[in-house]
Amino acid sequence: MALKIFNVLGREKQDFQPLTPGRVNMYVCGPTVYDNSHIGHAKTYVNFDMVVRYLRYSGYEVLYVQNITDVGHMLDTGEDRILKKAQQLQAIPMQIVERYARSYYEDMDALGVVRPDISPRASGHIPEQIKMAQTLIDKGHAYVANGSVYFDVTTDDDYGKLSNRRINELEAGSREAVRDEKRNPEDFALWKRAEPEHILRWDSPWGEGFPGWHLECSAMAKKYLGDTFDIHGGGVDNIFPHNESEIAQSECANDAEFARYWMLVGSLTVDGVKMSKSLGNVINIKDALKAYRPEVIRLFMMSAHYSNPVDYSDGALESAAAGWERLYGPVRVARGMLNSAPNTDDGNSFNERLAKAAEDFKAVMDDDFNAPKAVAALQELTREVNTLLNSGTTVGRATLEAIDQTYRTLGGDVLGIIPAADTANSNGQREAGLIELLIDLRKQARKNKNYAESDRIRDELAGLGVVLEDRADGTIWRVS
RNA sequence: GGCGACGUGGCCAAGUGGUAAGGCAAGGCUCUGCAAAAGCCUGAUGCGCCGGUUCAAAUCCGGCCGUCGCCUCCA
Numbered sequence: 000m001a002l003k004i005f006n007v008l009g010r011e012k013q014d015f016q017p018l019t020p021g022r023v024n025m026y027v028c029g030p031t032v033y034d035n036s037h038i039g040h041a042k043t044y045v046n047f048d049m050v051v052r053y054l055r056y057s058g059y060e061v062l063y064v065q066n067i068t069d070v071g072h073m074l075d076t077g078e079d080r081i082l083k084k085a086q087q088l089q090a091i092p093m094q095i096v097e098r099y100a101r102s103y104y105e106d107m108d109a110l111g112v113v114r115p116d117i118s119p120r121a122s123g124h125i126p127e128q129i130k131m132a133q134t135l136i137d138k139g140h141a142y143v144a145n146g147s148v149y150f151d152v153t154t155d156d157d158y159g160k161l162s163n164r165r166i167n168e169l170e171a172g173s174r175e176a177v178r179d180e181k182r183n184p185e186d187f188a189l190w191k192r193a194e195p196e197h198i199l200r201w202d203s204p205w206g207e208g209f210p211g212w213h214l215e216c217s218a219m220a221k222k223y224l225g226d227t228f229d230i231h232g233g234g235v236d237n238i239f240p241h242n243e244s245e246i247a248q249s250e251c252a253n254d255a256e257f258a259r260y261w262m263l264v265g266s267l268t269v270d271g272v273k274m275s276k277s278l279g280n281v282i283n284i285k286d287a288l289k290a291y292r293p294e295v296i297r298l299f300m301m302s303a304h305y306s307n308p309v310d311y312s313d314g315a316l317e318s319a320a321a322g323w324e325r326l327y328g329p330v331r332v333a334r335g336m337l338n339s340a341p342n343t344d345d346g347n348s349f350n351e352r353l354a355k356a357a358e359d360f361k362a363v364m365d366d367d368f369n370a371p372k373a374v375a376a377l378q379e380l381t382r383e384v385n386t387l388l389n390s391g392t393t394v395g396r397a398t399l400e401a402i403d404q405t406y407r408t409l410g411g412d413v414l415g416i417i418p419a420a421d422t423a424n425s426n427g428q429r430e431a432g433l434i435e436l437l438i439d440l441r442k443q444a445r446k447n448k449n450y451a452e453s454d455r456i457r458d459e460l461a462g463l464g465v466v467l468e469d470r471a472d473g474t475i476w477r478v479s
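What follows is the structure in structure tokens.
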């Protein structure tokens, strides 16, 4: 079955046909680095990470570009958010940008988000942006006004095709200062004249200024992916004006189709409402990671289809954590059993079930990356793996390895929710040894029917976050 | 007001014409020295409401109600 993608441009599910067979050129709008990343960013980039991982699993060679916006943009107040932060922290803008770009990578790495192949920064592509603005002026799609350059939306008949907006229905921008400069209220800036106090500024044919917010994505996508490329992604909240303007600029400047498939991910709310600084309900990724392991956060982010919104709450995360424990349980058991598994073909008939799981998984992922359904396929498999591993019958090494491999590939490589191995830090070996010693002492106590002692060991360990589970073939432990 | 998404068992959620996946929570049972984990069983005659099309609709059409997002910076 071929991969299908719901194309927001046209609003229909389509067969995915890359421009070049076997290759996917993909661009995703990245963050503006002026503060720590929050769990809304986590949803967007975990979702696209899942997409990229699956495309690669499917055999595509993917070139994944995701920008870093490090050029300040206007707040309603006319302030630049990076400048504002810089003033707060008494630092220069590029320090702020560097600090939070690093913070972003830290968070993404912690969440297991595979880094993009190229992470271009807006500030490093000023010439490309100036060139594109000039091209648009030359072609009559843009005009200069008081040192700023604006895109004239009336010159683009397609303007609005992504978000289904009609120009005459749009309301004028709210900032008085710019209204006079524009021919049409809906026109947007390609280049802005820098006021004297503006620190982030570059020379241009129109005087000192800085690029408009939308232009960087158009210029950088063109540079690294070409005039036309396969997939453009981002959060739905950017569909207008950002994505819409990208299309307008690029298609008018390049005389070519921009992105062929648009994938937009649903937003994340917290306890039912949108995160915002004013509501004080912004949750940083770093804080979320203190409470939940990354695999749990990833599983939660994929608990609904990527295009749907998701609501973050402690209850929802607890639920995801419980679901994750169930999913990971048999993997842990299988890996433990591998330590003493016989080299026989006992249980090999289970390979058919594993193959079916992989088929089911692929079928639903091919249907517009239906990760929640893919997780369900793993959950159904889990029931049967548990039955096998708890049946008391001998299971040979080959079968255990096949089970491990299935979870490692589908749950690990593609979804990123099954760790490749139990995380062991430098103290891990020693800790494991100590726990094994206590398990052995408890075993002796149980043998002597000294249950008071055996329960004490189990309870004390539980208090330290180590859970013991007695199985027919011995006692295993895990960190709660 | 315009654009868009959505409304499925206690909670989350899949499901685009053929008779309701999966997870969490709950109850019962099995296993266990007791637990934990796991397995089995129970649970929506109904998928916001009202009409319509059809042999057949959660799924298509029309209307209504409600929630959320965007329309200004936002992932």
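For the first sequence, numbering that gives the first Met the number 0 begins at 0 and goes up steadily by one.
Even for Gly, the Cβ is constructed at its ideal location relative to N, Cα and C.
Every value quoted in this text rests on a predicted model; they were computed, and no experiment measured them.
Note to self: One question on the structure: do Asn480 and Val269 come within less than 8 Å of each other, judged by their Cβ atoms?
What the structure shows: In this structure the chain extends from 0 to 479, so residue 480 is not present and cannot be described.
Next item on the list: Could you spell out the range, first to last residue, of the beta strand (DSSP E) harbouring Gly432?
Entry: Careful: Gly432 lies outside any beta strand (DSSP E), inside the alpha helix (DSSP H) at Gly427 to Lys446.
Next item on the list: For Ala141, write down the residues that DSSP places opposite it in a beta bridge.
Entry: In DSSP, Ala141 forms a bridge with Phe150.
Checklist line | Under 8 Å between C-beta atoms of Lys84 and Ile91 | finding: No, they are not a contact pair.
Notebook entry, point to check: Alpha carbon to alpha carbon, how far is Asn385 from Leu337?
Noted result: Approximately 15 Å, taken between the alpha carbons.
Notebook entry, point to check: How many whole angstroms separate the CB atoms of Asp359 and Ala370, which I take to be in contact at a CB cut-off of 8 Å?
Noted result: With 8 Å as the limit, Asp359 and Ala370 do not qualify as a contact, their Cβ atoms being about 13 Å apart.
Check: Which one of Ala362, Glu400, Leu110 and Asp229 has the shortest CA to CA distance from Pro341?
Finding: Sorting Ala362, Glu400, Leu110 and Asp229 by C-alpha distance to the C-alpha of Pro341 places Glu400 at the top.
Next item on the list: Compute the distance between the beta-carbons of Val112 and Asp48, then report whether it is under 8 Å.
Entry: Yes. Within cutoff.
Checklist line | Lys221 vs Asp106 beta-carbon contact at 8 Å | finding: No, Cβ-Cβ distance for Lys221 and Asp106 is not below 8 Å.
Notebook entry, point to check: What does DSSP give as the partner residues of Leu62 in its beta bridges?
Noted result: In DSSP, Leu62 forms a bridge with Asn24.
Notebook entry, point to check: Identify the residues that DSSP records as bridge partners of Val269: which are they?
Noted result: DSSP lists Val272 and Tyr311 as partners of Val269.
Check: Would you call the CB atoms of Arg182 and Asn145 closer than 8 Å?
Finding: If you check the CB distance, Arg182 and Asn145 do not come in under 8 Å.
Notebook entry, point to check: Contact check, Asp458 vs Thr393 under 8 Å by CB: the rounded distance?
Noted result: With 8 Å as the limit, Asp458 and Thr393 do not qualify as a contact, their Cβ atoms being about 33 Å apart.
Checklist line | Neighbourhood of Arg200 by C-beta distance below 8 Å, restricted to the same chain and skipping five residues each side | finding: Taken in chain order, the residues that qualify are Ala193, Glu207, Gly208 and Phe209.
Notebook entry, point to check: Between the C-alpha atoms of Ser217 and Glu245, what's the straight-line distance to the nearest angstrom?
Noted result: Answer to the nearest angstrom: the Cα atoms are 6 Å apart.
Notebook entry, point to check: What runs of the alpha helix (DSSP H), each 4 residues or longer, lie entirely inside the segment 206-254?
Noted result: The alpha helix (DSSP H) runs lying completely inside the segment 206-254 and spanning 4 residues or more are 214-224 and 243-253, given in chain order.
Margin query: Can you list, in chain order, the residues of its chain with a C-beta nearer than 6 Å to that of Lys129? Leave out the 5 residues immediately preceding and following it.
Written below: It should be noted that the sequence gives Ile, not Lys, for residue 129. Taken in chain order, the residues that qualify are Ser203.
Margin query: Does Pro308 pass the burial test, meaning 16 or more other C-beta atoms within 10 Å, or should it be called exposed?
Written below: Exposed, since its Cβ has fewer than 16 Cβ neighbours within 10 Å.
Next item on the list: Check Phe360 in the structure and name its three-state DSSP category.
Entry: Helix at Phe360.
Margin query: For a test of the three-state rule: what should DSSP assign to Arg192, helix, strand or coil?
Written below: Assignment of Arg192 by DSSP, reduced to helix, strand and coil, places it in the strand class.
Checklist line | Where Pro20 falls, given that 16 or more other Cβ within 10 Å makes a residue buried | finding: Result: exposed.
Next item on the list: Can you have a look at Gly39 and say buried or exposed, based on whether 16 or more other CB atoms are within 10 angstroms of its CB?
Entry: Flag for Gly39 reads buried.
Notebook entry, point to check: How about the segment 441-448 and the segment 410-417: do they share at least three Cβ pairs that are nearer than 8 Å?
Noted result: These segments do not touch.
Checklist line | Terminal residues of the beta strand (DSSP E) in which Leu460 lies | finding: Premise fails: Leu460 lies in the alpha helix (DSSP H), Tyr450 to Gly462, not in any beta strand (DSSP E).
Next item on the list: Might you give, ordered along the chain, the residues of its own chain that have their beta carbon closer than 8 Å to the beta carbon of Leu18, omitting 5 neighbours on each side?
Entry: The beta carbon of Leu18 lies closer than 8 Å to those of Asn24, Thr227, Phe228, Asp229 and Arg259 in the same chain, with the five residues before and after it left out.
Note to self: According to DSSP, Gly473 sits in a beta bridge with which residue or residues?
What the structure shows: Its beta-bridge partners are Arg470.
Next item on the list: Determine the contact status of Glu180 and Tyr149, defining contact as a CB-CB distance below 8 Å.
Entry: Taking a C-beta distance under 8 Å as the contact criterion, Glu180 and Tyr149 qualify as a contact pair.
Check: What is the DSSP secondary structure of Lys289, counted as helix, strand or coil?
Finding: If DSSP states are grouped into helix, strand and coil, Lys289 belongs with the helices.
Next item on the list: Check the DSSP bridge columns for Glu11 and list the partner residues they point to.
Entry: Answer by DSSP bridge pairing, in chain order: Asn6.
Next item on the list: Report the rounded CA-to-CA distance for Leu2 versus Tyr56, giving the unit in angstroms.
Entry: Looking at the backbone, the Cα of Leu2 and that of Tyr56 are separated by about 12 Å.
Note to self: Residues in the same chain with beta-carbon distance under 8 Å from Arg331, minus the five sequence neighbours each way, listed in chain order, please.
What the structure shows: Apart from sequence neighbours up to five positions away, the residues of its chain that approach Arg331 with a beta-carbon distance below 8 Å are Asp421, Ile475 and Arg477, ordered along the chain.
Next item on the list: Please report how far the alpha carbon of Ile4 lies from the alpha carbon of Ala461, in whole angstroms.
Entry: So the alpha carbons of these two residues sit roughly 46 Å apart.
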